[in-house]
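Asks: Numbering (our numbering), first residue to last: 799 to 1924. Got a structure here, written out as structure tokens. Questions coming.
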């Protein structure tokens, strides 16, 4: 609402006229959005007798509620603050909920095809085309207007069908015919549109869940690809949220619930009863549980139960669709300028037609004939096809894109693609392959160099920071350690990044030391040492001996089997698949012939960043725990001494790292010592498949397990593979001075690694990223971390980077940032400008933040393209000047381009076609503008002086066979193979363009005026057969050919003219046809058809010379001015 300006309007005494008034008495709202688009919404007044006067008093006045729909959202008038707001009320009465929240459906309505056609018919330019066609018919011109009418009808139907299909695809996304079971005294089935916030519902399997809910009990397997772009099934349990648009694959309730069925006014809540029935449990109106004495009803369900939070357009899916339905307008300057030029021509035409009306006032002809001729002259200069001519090249580009597997849903965006100077890429599925794969298993438990955590910490504490005042006092054992007082929200702990910096600092300081260098090993020795490093890269299916790390990968996860497919968290699924185990049922995992019984799973905790599983195996009991490396480290008493360095190296290389640890318990639940290097033959089953503990497994909580000492097994390293096509395309774009930026939901270190691999940023200058403290109040509370650089300092005031003890400063540096930090820092103008200038990596960006980033770049007058592959990119795709979706899913509805090519080569194709189309549009527009001006001088001069006109076939020849077809062939040029550094012209109103166009018009006008000097004619109204008309026809036709060649632009954005063979062939054929007509000199069938007269020899030679001079004159000018044809 911050961008929306609202004015109240009230009816005057005359219907349909309104005056401005306060919102309290307004009957209609005038709404102006951030793009200055105006719409009107009528205010509804609904009668309501409420049973909750204390709650709803501010919305009800005189028994009525006033509400209005603004941009597909429902607002209710608040009488206290006298504004329209989105209310949040507590009520269980259906009528009240319906009034204040509306039904759970979209207000978007798909228009009928007939209505769309009718609407397009009454557009300005189509009406002007129809008017000009009618005038030509009245002047007894038939052939040319019929052809123009056919072309216009085809364009009308084609555009209307395209608009209808787009509306239908959007409406299909908003339409929902699901049925839900809602609790209202009892469970009853209702249409999804009659569900409101506060309702308790059963969550059943569905392809399109209709509202946002919080899971109160049970477990779900869902597919959130509509929102996240990731098509992996996800397990959700009590306390998690399920969003509209989600596909529910499986729903399972926990069994027994206690439901309040006595008081209708209470918000019904449920409570899980795992073992015993509880006599006192109730949550009333969203408050904490309180005791009550009323009797409860016990009900059993097999489905998960949820509390409805949001419905209609306010759901997550609804907000995404709103950004599609209300997209930003296409800011295409040249199209707007062409309309301004059209208005200028309209102004000139009115002046000249007024003079012409004064000239013919005394002619003894009917008033009707005079008016028809005046309008004919009007439509010569105000040519309706002038703005439409810009669509020639766009339509041809759209056709070429379609052949290449790229669909375009918004033609105007094609020319915008030619002006793109910045491309924002999503990462997963766009720059890289979908999902993560297991890259390697680092079995650290097999290493011999193990030491206690205390020893590791002591060795770190002994390191002292350097003395900046006297660097010579430092010994080679001293390193620089930068204190980090806050924790990052990155997945990898920043301590690992800092330790990598410490290592590099020490390394570079000692590189020149001979004593140090002599310790280097040879390449052969290095290869020999690497053979001893225990890393399992590819598990063999024939592997017989398995260890505890293999067992941990097979059991420590939340993956389940669904429809013979393993589903769950993507990393869990990939890890389990890597282990070659299988799920016998949800409680037994089989690895070879070995079976492991799952006694309890402690789910992953976001704060602790770990999960655990308790299993029994051969009458033994184990707890396996996996999670982030730094959090698992806290559970271990002993670690591999290079643990931190190895983890840091994996993190800096962009890998996702998970650490696995375990411990063994006795039957009483007490930790016992065990041989961590013990192995098992998976083909020899044990007689005892499981054991019984004397200790209640449910007592093992996340906190209790955190107090137990674990033994390190190793780390599982996941990698996101970069698509091979990404390297070449990024290189091509950067070579063309097109800035490439990454905006991803992934963590910052992985993003930096991918960006480094693709050379998205200059690796010769420092790279930093900010870390936001939890209690940060201003920009000075932000910590700045350098990646791969030693002793970097960031000046938070001057916004400069210093390096080394001599404080060498850098004005040029790179920045990577996460969404949370970006939102915080962008509030400051200086930081905002710095981030948009220097930041190439935006990580942890949610859909709204991606959209906001695109808006920020657009606010700086930068043409932005966004390339993504998921529905979570819908907002950014729609907001961008050019949106390119690399998938045929919901994202394609929001994007202006949808590609069947699943890599970013589609971006290069779209930009090349956009540049080609833009150059073609400029060429075609200048060509048509010049020929229209010359034609007006031709026709106007002929009629103003002698009241003569041209014949029907002469007009058909010059307008259709000449100007129209030549402009189409001029537009039909294919783009260059490579993107060029040369910037394209965005506006027609440049000094160079205006001067050159006016000069060509003046130069060509000299040739048009020449026949008036040596050819005579008689004053006869409507005469189309005379020497002057014939000579002017020859000269003007030759100029049509010459100007077509002159205005053709080739390299660097289009193929050179010699590659456009159709264009060259047609120009030659048209020129030869003109030569034939000139040589016929009024004789023969075609000359009679054109009403060309026989010219005297001297006049014919003079006319021929003028034609030749005009052609060669423009050819020579082209050589002097346009140097990019060949």
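Positions of the beta carbon are idealized from the N, C-alpha and C atoms, including for glycine.
1. Is it true that the CB of residue 1855 sits closer than 8 Å to the CB of residue 1834?
2. Considering Cα atoms alone, identify which of 1050, 924, 971 is closest to residue 949.
3. Since residue 935 is in the alpha helix (DSSP H), which residue starts that stretch and which ends it?
4. Which one of 1149, 1209, 1156, 980 has the shortest CA to CA distance from residue 956?
5. Applying the criterion that 16 or more other CB atoms from any shown protein chain within 10 Å of the CB defines a buried residue, is residue 1796 buried or exposed?
6. Please give me, in chain order, every unbroken run of the beta strand (DSSP E) with length at least 3 that falls completely inside the stretch 834 to 907.
7. According to DSSP, simplified to helix, strand and coil, what is residue 1286?
8. So the candidates are 1876, 1521, 1822, 895; which of them puts its Cα closest to the Cα of residue 939?
9. Compare the C-alpha of residue 1628 against each of 1595, 1609, 1637, 1348 and name the closest.
10. Who pairs with residue 1409 in a beta bridge, going by DSSP?
11. Is it buried or exposed for residue 1037, if we count other Cβ within 10 angstroms and need 16 for buried?
12. Have a look at 900, 941, 916, 831 and flag the residue whose alpha-carbon is nearest the alpha-carbon of residue 1757.
13. Using only the alpha-carbon positions, how far apart do residue 746 and residue 1409 sit?
14. Find out if the Cβ-Cβ distance for the pair residue 1109, residue 994 is shorter than 8 Å.
15. Within the same chain, show all residues whose beta-carbon is closer than 6 Å to that of residue 1118, passing over the 5 residues directly before and after it, in chain order.
16. Using the three-state DSSP reduction, which class does residue 1049 fall into: helix, strand or coil?
17. With a floor of 3 residues, list each beta strand (DSSP E) that falls wholly inside the stretch 1476 to 1547, ordered by position along the chain.
18. Using the C-alpha atoms, what's the distance from residue 1237 back to residue 830?
19. Taking only three categories from DSSP, how would you classify residue 818?
20. Take every Cβ of the stretch 1214 to 1229, pair it with every Cβ of the stretch 1712 to 1721, and state whether three or more of those distances are shorter than 8 Å.
21. When you compare only the Cα positions, how much space is there between residue 1472 and residue 1233?
22. My parser needs the alpha helix (DSSP H) runs of 4 or more residues fully inside the stretch 1623 to 1677; what are they?
23. Taking the alpha-carbon positions, what's the residue 1325 to residue 1445 distance?
24. Output the distance between the C-alpha atoms of residue 1431 and residue 1509, rounded to the nearest integer angstrom.
25. Could you give the residue range of the alpha helix (DSSP H) that holds residue 1139?
26. Since residue 1467 is in the beta strand (DSSP E), which residue starts that stretch and which ends it?
27. Could you check where the beta strand (DSSP E) with residue 1213 kicks off and where it finishes?
28. Examine the Cβ distances between the stretch 1723 to 1739 and the stretch 1865 to 1876 and report whether three or more of them are shorter than 8 Å.
29. Should residue 1005 go down as buried or exposed, given a rule of 16 or more other Cβ atoms within 10 Å for buried?
30. What residue range does the beta strand (DSSP E) around residue 1125 cover?
31. Applying the 10 Å Cβ sphere with the 16-neighbour rule, what's the burial state of residue 1300?
32. So, with DSSP's three-state summary, where would you put residue 1789?
33. Measuring only the C-alpha atoms, how far is residue 1912 from residue 1828?
34. Which residue spans inside the stretch 956 to 990 form an unbroken beta strand (DSSP E) run of at least 3?
35. Quick check on residue 1113: does DSSP put it in helix, strand or coil?
36. Is the beta carbon of residue 1764 closer than 8 Å to that of residue 1876?
Replies: On the basis of the supplied data:
1. The sequence position of residue 1834 within the chain shown is 1036, counting from 1. The sequence position of residue 1855 within the chain shown is 1057, counting from 1. No, the pair does not count as a contact, with Cβ atoms beyond the cut-off.
2. Counting from one through the chain shown, the residue named residue 949 turns up at place 151. Looking at the Cα atoms, 924 is the closest of the given residues.
3. On the chain shown, residue 935 is found 137 positions in, with the first residue counted as 1. Where residue 935 is concerned, the enclosing alpha helix (DSSP H) starts and stops at 922 to 936.
4. For the purposes of this step, residue 956 is taken as residue 158 along the chain shown, with counting starting at 1. With distances taken between Cα atoms, residue 956 lies closest to 1209.
5. Within the chain shown, residue 1796 is the residue found at index 998, counting from 1. With fewer than 16 other Cβ atoms within 10 Å, it is exposed.
6. Taken in chain order, the unbroken stretches of beta strand (DSSP E) that lie wholly in the stretch 834 to 907 and span 3 residues or more are 836 to 840, 842 to 845, 862 to 868, 871 to 876, 881 to 883.
7. Indexing the chain shown from 1 puts residue 1286 at position 488. Unreliable positioning characterises residue 1286 in this predicted model, as indicated by a pLDDT of 34, which lies under 50. The coordinate reading is nonetheless provided below. Note: residue 1286 maps to coil in three-state DSSP.
8. As a working mapping, residue 939 is identified with position 141 in the chain shown. Answer by Cα proximity: 1822.
9. As a working note, residue 1628 is residue 830 in the chain shown. Closest by alpha carbon: 1595.
10. The residue you call residue 1409 lines up with position 611 of the chain shown. According to DSSP, residue 1409 bridges with 1424.
11. Your numbering for residue 1037 matches position 239 in the chain shown. Exposed, because fewer than 16 other Cβ atoms sit within 10 Å of the Cβ of residue 1037.
12. Indexing the chain shown from 1 puts residue 1757 at position 959. The candidate whose alpha carbon is nearest that of residue 1757 is 941.
13. Residue 746 is absent from the model: the chain starts at 799 and stops at 1924.
14. Taking the chain shown and counting its residues from 1, the one referred to as residue 1109 is at position 311. Taking the chain shown and counting its residues from 1, the one referred to as residue 994 is at position 196. The answer is yes: Cβ separation under 8 Å.
15. Numbered from its first residue, the chain shown carries residue 1118 at position 320. Hits under 6 Å: 1672.
16. Indexing the chain shown from 1 puts residue 1049 at position 251. In the structure shown, residue 1049 falls within a strand segment according to DSSP collapsed to helix, strand and coil.
17. If one requires a minimum length of 3 residues, the beta strand (DSSP E) runs lying completely within the stretch 1476 to 1547 are 1509 to 1517, 1537 to 1541, in chain order.
18. As a working note, residue 830 is residue 32 in the chain shown. As a working note, residue 1237 is residue 439 in the chain shown. In this structure, the alpha-carbon of residue 830 lies about 53 Å from that of residue 1237.
19. Along the chain shown, read from residue 1 onward, the residue named residue 818 stands at position 20. Three-state DSSP puts residue 818 in a strand.
20. Touching, yes, given that three or more Cβ pairs across the two stretches are closer than 8 Å.
21. One-based indexing of the chain shown puts residue 1472 at position 674. One-based indexing of the chain shown puts residue 1233 at position 435. Approximately 36 Å, taken between the alpha carbons.
22. The DSSP assignment places 1627 to 1636, 1645 to 1657, 1672 to 1677 as complete runs of the alpha helix (DSSP H) inside the stretch 1623 to 1677, in order along the chain (cut-off: 4 residues).
23. If you number the chain shown from 1, residue 1325 lands on position 527. If you number the chain shown from 1, residue 1445 lands on position 647. Unreliable placement is indicated for residue 1325, whose pLDDT of 47 sits below 50; the coordinate value is still reported in the next sentence. Taking the straight line joining both Cα atoms gives about 21 Å.
24. Position 633 of the chain shown holds residue 1431. Position 711 of the chain shown holds residue 1509. If you take the alpha carbons of residue 1431 and residue 1509, they lie about 10 Å apart.
25. Taking the chain shown and counting its residues from 1, one reaches residue 1139 at position 341. Counted as a single uninterrupted DSSP element, the alpha helix (DSSP H) harbouring residue 1139 occupies residues 1131 to 1157.
26. Working through the chain shown from its first residue, we reach residue 1467 at position 669. Note, residue 1467: premise wrong, no beta strand (DSSP E); not H, not E.
27. Looking up residue 1213 in the chain shown gives position 415. Element bounds for residue 1213: not the beta strand (DSSP E) but the alpha helix (DSSP H), 1210 to 1215.
28. No: fewer than three Cβ pairs fall under 8 Å.
29. In the chain shown, the residue the question calls residue 1005 occupies position 207. By the 16-neighbour rule on beta-carbons within 10 angstroms, residue 1005 is exposed.
30. The count along the chain shown starts at 1 and reaches residue 1125 at position 327. Looking at the DSSP string, residue 1125 is not in any beta strand (DSSP E), and its letter there is neither H nor E.
31. As a working mapping, residue 1300 is identified with position 502 in the chain shown. Unreliable placement is indicated for residue 1300, whose pLDDT of 49 sits below 50; the coordinate value is still reported in the next sentence. Buried.
32. Locating residue 1789 in the chain shown gives position 991, where the first residue counts as 1. Three-state DSSP puts residue 1789 in a helix.
33. Your numbering for residue 1912 matches position 1114 in the chain shown. Your numbering for residue 1828 matches position 1030 in the chain shown. Approximately 22 Å, taken between the alpha carbons.
34. Those beta strand (DSSP E) runs which fall completely within the stretch 956 to 990 and span 3+ residues are 977 to 982, 984 to 989.
35. Within the chain shown, residue 1113 is the residue found at index 315, counting from 1. In the three-state reduction of the DSSP assignment, residue 1113 falls in the coil class, being assigned neither a helical nor a strand state.
36. Counted from its first residue, the chain shown places residue 1876 at position 1078. Counted from its first residue, the chain shown places residue 1764 at position 966. Residue 1876 places its beta carbon 8 Å or farther from that of residue 1764.
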